[in-house]
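Asker:
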Amino acid sequence: VDWRARHELLRLEVPLHQSAQRWAADTTGGILERPAQAVTPREQARWEVPAVSWLASVHQAGGLAVLLDGPQGVSATPEKLGISLLRAPTWPDPGADNGWQRLRLALLPCARGWQRAQVPQEAIRFREPLWIRPAQLDPAAQAWLERRQGLPPLGEGLQLIALRPAAIPGDLLVAVQNSSPLRRSWPLGCDWQVLAELDGLDRELAGLDRPAQQAVLELKPWQLRFWRLRHRPGVLPAPA
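FYI, in our numbering the residues of the sequence shown are 917 to 1156.
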């Protein structure tokens, strides 16, 4: 879209086959469910709310989710879901959204509700698709990569936020978020050692319980945690 409007708003409204009783959307702090029918004066005055990557209608017989390519203003009524796509204000930024814009959306039926349909995970796959790029490696490096021990897979509802090397060679800094309303665990197995739990500034937190055999990291609903990990001795050295 070559957006050149002024004092206009481009919205997409998706009609619902079944009237929604409630609707859900993700935010920066988790997921909120709201009544589809505004009741209080405050709810009636708030015609849209910010969403990060998805919104979904909630009905006993199922619902419909809309996956977003980025943060948008969204709204819902019992009859429809709404997404504000492009704006054309003159204040404070007269040039907001002007020019060529590429918009991506996806519809996801949720026959058993947005939680069982794993809408948060599907929204991540939609926004951050996995791209496979062929790489040319020498035989020594290829053999080393094939035998290298990677991190164990994350369970349902867990999202890898960050993975980067620490200042100490061989250590990894990992950030994992639980994007579900349930407690989740991440078993590391015997190949990885938890050295420390960190805060968001890479500072160690006190009171870390280190299991003697296998480390199982626990995350509360919507919790974001940081750790410093190290692969246990026995991993093959990197090729020279």
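All C-beta atoms, glycine included, are put in the ideal place defined by N, C-alpha and C.
To the nearest angstrom, how far is the alpha carbon of L932 from that of P951?
Answerer: Distance between the alpha carbons of L932 and P951: 15 Å.
Asker: On the three-state DSSP scale, how would you describe E995?
Answerer: Three-state DSSP puts E995 in coil, outside helix and strand.
Asker: According to DSSP, which residues form a beta bridge with C1026?
Answerer: Note: C1026 sits in a beta bridge opposite G979.
Asker: Could you pull the start and end residues of the alpha helix (DSSP H) that A961 belongs to?
Answerer: Segment P957 to A961, the alpha helix (DSSP H) holding A961.
Asker: Report yes or no: do the stretch 948-967 and the stretch 987-1003 share at least 3 C-beta pairs separated by less than 8 Å?
Answerer: Yes, they touch.
Asker: Give a single yes or no on whether R1003 has its beta carbon closer than 7 Å to a heavy atom of the ligand FAD.
Answerer: Ligands displayed in this structure: none; no statement on the ligand FAD is therefore possible.
Asker: Based on the DSSP output, what are the partners of E1044 in its beta bridges?
Answerer: Answer is none; E1044 lacks a bridge partner.
Asker: Does DSSP put V917 in a helix, in a strand, or in coil?
Answerer: Residue state, collapsed to three classes: coil.
Asker: In chain order, what residues of the same chain lie with their CB nearer than 7 Å to the CB of N1094, ignoring the 5 residues before and after it?
Answerer: If we look at N1094 and ignore the five residues flanking it on each side, its Cβ neighbours are G1073, L1074, R1100, L1135, K1136, P1137, W1138 and Q1139.
Asker: If you draw a straight line from the C-alpha of V974 to the C-alpha of P1055, how long is it?
Answerer: Taking the straight line joining both Cα atoms gives about 53 Å.
Asker: Short check: CB of G979 to CB of G1029, under 8 Å?
Answerer: Yes, Cβ-Cβ distance for G979 and G1029 is below 8 Å.
Asker: Considering only their Cβ atoms, is the gap separating V930 from L1019 smaller than 8 Å?
Answerer: Against a cut-off of 8 Å, the Cβ pair of V930 and L1019 comes out as no contact.
Asker: Could you say which of Q934, Q953 and D985 lies nearest to R1043 if we only look at CA atoms?
Answerer: The shortest C-alpha separation from R1043 is found at D985.
Asker: Would you call the stretch 937-955 and the stretch 1007-1021 touching, i.e. three or more CB-CB distances under 8 Å?
Answerer: With a cut-off of 8 Å, the stretch 1007-1021 and the stretch 937-955 do not count as touching, because too few Cβ pairs lie within range.
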